[in-house]
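Colleague:
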Amino acid sequence: MPGTTTDRLLRAALLLKGLDGAVELLAGLALLAVGPRALDGLTRRVVAHHLLGSPDGALAERVTAGEAALSGGAHTFAVVYLTLHGLVKLGLVAALLREVLPAYPVAAAVLGVFGGYEVYLAVDRGSWGMWAAGGLDLLLTALVLREYRRLRSRRRRAGGTAPPGG
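According to the numbering used here, the stretch in the sequence shown is residues 38 to 203, in order.
#1: Report the three-state DSSP secondary structure of residue 58 (helix, strand or coil).
#2: For residue 174, count neighbouring C-beta atoms within 10 Å of its own C-beta (all shown protein chains included) and say buried if the count is 16 or more, exposed if not.
#3: For residue 100, which residues of its own chain have a beta-carbon under 8 Å away from its beta-carbon, when the five flanking residues on both sides are left out?
#4: How close, in whole Å, do the beta carbons of residue 181 and residue 133 come, if the pair is a contact with beta carbons under 8 Å?
#5: Going along the chain, which residues of its own chain have a beta-carbon closer than 6 Å to the beta-carbon of residue 119, five neighbours each way excluded?
#6: Just to confirm my understanding: we take residue 149, look at its own chain, exclude 5 residues before and 5 after, and list those with CB closer than 6 Å. What are they?
#7: Rounded to a whole number of angstroms, what is the C-alpha to C-alpha distance between residue 55 and residue 44?
#8: How should residue 72 be labelled, buried or exposed, when 16 other C-beta atoms within 10 angstroms of its C-beta is the threshold for buried?
#9: Which class does residue 139 belong to by DSSP, given the choice of helix, strand or coil?
#10: Could you give the uninterrupted runs of the beta strand (DSSP E) lying entirely in the region 147-185, keeping only those of 3 residues or more?
#11: What first and last residue would you give for the alpha helix (DSSP H) that runs through residue 129?
#12: With H, G and I counted as helix, E and B as strand and the rest as coil, what does DSSP make of residue 65?
#13: Between 137, 169, 192 and 74, which lies nearest to residue 105 when the distance is taken from Cα to Cα?
#14: Can you give me the C-alpha to C-alpha distance between residue 116 and residue 70, rounded to a whole angstrom?
#15: Looking only at C-alpha atoms, which of 112, 103 and 141 sits nearest to residue 51?
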């Protein structure tokens, strides 16, 4: 990727997405290792020792509610979702950083779907955080498509040779 401001922005966004994917993968594996019963005990200890502020505070209540939602089938879903989502993000980020041309349309589609869903949730829930996440994913989609067009054009000018990694 050349050194224009847009290219540096894309590289920085991809590195953040890669970090996000790594955190999701680790969270999924941690949930798999811990299990619902141990997670319940950990949550109770954290809340009881006032590590999140007052046990009756908003943060403690949200953590307790989140943990309660991860019982049974929801726990399995969270493990599978976080692990697969993290792996997909890491794979796409690695492919884009290596300029693997076929990965660009896939990444744009995945980012577009996630961005659209985040915007839907933002409208549905009135969440500014979801507006920001959706906006960032849609911006990253535009940057990925721009880079894809640039790489395809460069490949055509070079006589059909693939860019590095493609």
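Beta carbons are placed, not taken as given, at the ideal position from N, Cα and C, and that holds for glycine.
Modeller: The structure says:
#1: The residue given as residue 58 occupies position 21 in the sequence shown. Residue 58: helix per DSSP, three-state reduction.
#2: Here residue 174 corresponds to residue number 137 of the sequence shown, with the count starting at 1. Its Cβ being crowded by 16 or more others within 10 Å, residue 174 is buried.
#3: Looking up residue 100 in the sequence shown gives position 63. Around residue 100: 80, 83, 84 and 89.
#4: Within the sequence shown, numbered from 1, the residue matching residue 181 stands at position 144. Within the sequence shown, numbered from 1, the residue matching residue 133 stands at position 96. Indeed they touch by this definition, with Cβ atoms about 7 Å apart.
#5: Locating residue 119 in the sequence shown gives position 82, counting from the first residue. The residues are 61, 64 and 65.
#6: On the sequence shown, position 112 is the one that residue 149 refers to. Correct list, in chain order: 178.
#7: Locating residue 55 in the sequence shown gives position 18, counting from the first residue. Locating residue 44 in the sequence shown gives position 7, counting from the first residue. Cα-Cα distance, rounded: 16 Å.
#8: Counting from one through the sequence shown, the residue named residue 72 turns up at place 35. Looking at its Cβ environment, which holds fewer than 16 other Cβ atoms inside 10 Å, residue 72 is exposed.
#9: To locate residue 139, count along the sequence shown from 1; it is residue 102. Residue 139: coil per DSSP, three-state reduction.
#10: none
#11: Position 92 of the sequence shown holds residue 129. Run containing residue 129: 110-134, per the alpha helix (DSSP H) assignment.
#12: For this step, residue 65 is matched to residue 28 along the sequence shown. Helix at residue 65.
#13: Walking along the sequence shown from the start, residue 105 turns up at place 68. For residue 105, the nearest C-alpha among the options comes from 74.
#14: The residue labelled residue 116 in the question sits at position 79 within the sequence shown. The residue labelled residue 70 in the question sits at position 33 within the sequence shown. Put simply, the backbone Cα of residue 116 is about 10 Å away from that of residue 70.
#15: By 1-based counting over the sequence shown, the position of residue 51 is 14. Out of 112, 103 and 141, the CA that lies nearest to the CA of residue 51 is found in 141.
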